[in-house]
Amino acid sequence: MAPDAEPDISKRDDPAVSAVLAAVARLAEGRGRVDTAYQHNPTARFTIAPHAHADLLQLDLIDGCAGRCHTGGAWRGIAGLTALLSRPGETHGYDLHPTPGAAAVHHVKLRIDDTAGWPLFDGGHLRPCAPRIDAARDLLTPFRRLTRGGGAPPDAAEEVALLAEILALWPRLGAPHAAAPRDRGEANLEALDPRLTPALRLLHAPPLPMAPPPSLSELANACHLSTRHFSRRFAERIGCTPHAYADARRLAAARDLLRDPALRVFEVGDKLGFSGPAAFTRWFSESAGMPPKRFREDPGSL
């Protein structure tokens, strides 16, 4: 008889896998525990103003909603199944509208002993905001069990097991489904809603995002829709307004340019098509929640 196959432990060399295993071990040691586990079932607009917890790590899984979330210092449009991770001290919030069908917001806060640090939560492994991850619906099962009845499961061992499953399934940085809307190819854009394809192509066509976006009427005309119907359809399918979508792409370009020490702030604004340094600084401050010079000093803050 052939000997039993040895278990494949090759993936333990993956830093992300090692970080998950280390986090689960710490949870099992009691160095982390569920502070709050709750499930909201919104039937109307559901808003949580941006806020932060000094000593809590928060995991949210949003299902059946479209709208926006506050993450990384700015509002971002979301739709579909969305996972949000907010580390202690990070500002977060959301403004959601339930889509037809059962909507749910699963929300878990962890109180962790961070005296020795948690490599899994240092920003290098898990995605802080992962919208449209409907292919990862396995995440719903442990979240539903953890948030049942408005409280944590009665058994501490089961709590650790559910958290381990959530952390193992959480979307990773660099994973195939990690592409943001601005990185999607035209085929994926058409899959979102073929009727909106002409507008989405305009929003992704050069010289964008290095220039002001087309007007709402131009986008609506490209889709042969009235501005009212176009705006409503875009928000329902994409999860944010056309203006917010274009602004998010332009903000991402601004952040990339500001990371280049060879460029001065006014040159970044010029490359993005702003009329002058004051106009760029005002727009960036409103969009990112901080002036461009402050972002340049601490790019990890956004």
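So the number in the numbering used here is just where the residue sits in the sequence shown, counting from 1, plus 4.
Built from N, CA and C at the ideal position, the CB exists for glycine as well.
Check, Outcome
"Report all residues from its chain with a CB closer than 7 Å to the CB of residue 123; omit the five preceding and five following residues, and keep chain order.", "23, 26"
"Look at residue 69 and residue 103 and say whether their C-beta atoms are less than 8 Å apart.", "yes"
"Residue 90: buried (16+ other C-beta within 10 angstroms of its C-beta) or exposed?", "buried"
"Report the residue ranges of all alpha helix (DSSP H) runs contained in full by the region 14-68; include only those spanning at least 4 residues, in chain order.", "19-32"
"Where are the alpha helix (DSSP H) runs, 4 residues long or more, that stay fully inside the region 235-305, in chain order?", "246-262, 269-275, 281-292, 296-301"
"Going by beta carbon distance, what residues of the same chain come within less than 6 Å of residue 273, once the five residues before and after it are set aside?", "281, 284"
"Following the continuous alpha helix (DSSP H) through residue 168, name the residue where it begins and the one where it ends.", "160-173"
"Could you check the C-alpha separation between residue 288 and residue 40 for me, to the nearest Å?", "35 Å"
"Candidates 276, 18, 30, 19: which alpha carbon is nearest residue 167's?", "30"
"Quick one: grab the DSSP three-state call for residue 228.", "coil"
"Can you name, in chain order, every residue of its own chain whose Cβ lies under 7 Å from the Cβ of residue 291, other than the five neighbours on each side?", "78, 251, 255"
"Between the C-alpha atoms of residue 67 and residue 132, what's the straight-line distance to the nearest angstrom?", "16 Å"
"Just confirm the distance between the C-beta atoms of residue 108 and residue 43, as a whole number of angstroms; I'd bet it's less than 8 Å.", "6 Å"
"Does residue 10 pass the burial test, meaning 16 or more other C-beta atoms within 10 Å, or should it be called exposed?", "At residue 10, the pLDDT of 37 sits below 50, so the modelled position is not reliable; the number obtained from the coordinates is stated separately. Flag for residue 10 reads exposed."
"To the nearest angstrom, how far is it from the Cα of residue 175 to the Cα of residue 80?", "17 Å"
"If you count every other CB in all the chains shown that lies within 10 Å of the CB of residue 185, and 16 or more means buried, which is it?", "Interpretation of residue 185 is limited by its pLDDT of 40, a score under 50 that renders its predicted location unreliable; the figure taken from the coordinates is listed afterwards. Counting Cβ neighbours within 10 Å, residue 185 comes out buried, since at least 16 surround it."
"Tell me whether the beta-carbon of residue 146 lies closer than 8 Å to the beta-carbon of residue 84.", "no"
"Going by beta-carbon coordinates alone, are residue 53 and residue 97 separated by less than 8 Å?", "yes"
"Using the rule of at least 16 other Cβ atoms within 10 Å of the residue's Cβ for burial, across every protein chain shown, is residue 151 buried or exposed?", "buried"
"Given that a residue counts as buried once 16 or more other Cβ atoms are within 10 Å of its Cβ, and exposed if not, what is residue 233?", "exposed"
"Note down the Cα distance separating residue 55 from residue 93, rounded to an integer number of angstroms.", "9 Å"
"Helix or strand or just coil, what does DSSP make of residue 115?", "strand"
"For the alpha helix (DSSP H) containing residue 308, name the first residue and the last one.", "Residue 308 is absent from the model: the chain starts at 5 and stops at 306."
"When you compare each of 211, 36, 106 to residue 116 by their alpha carbons, which one comes out closest?", "36"
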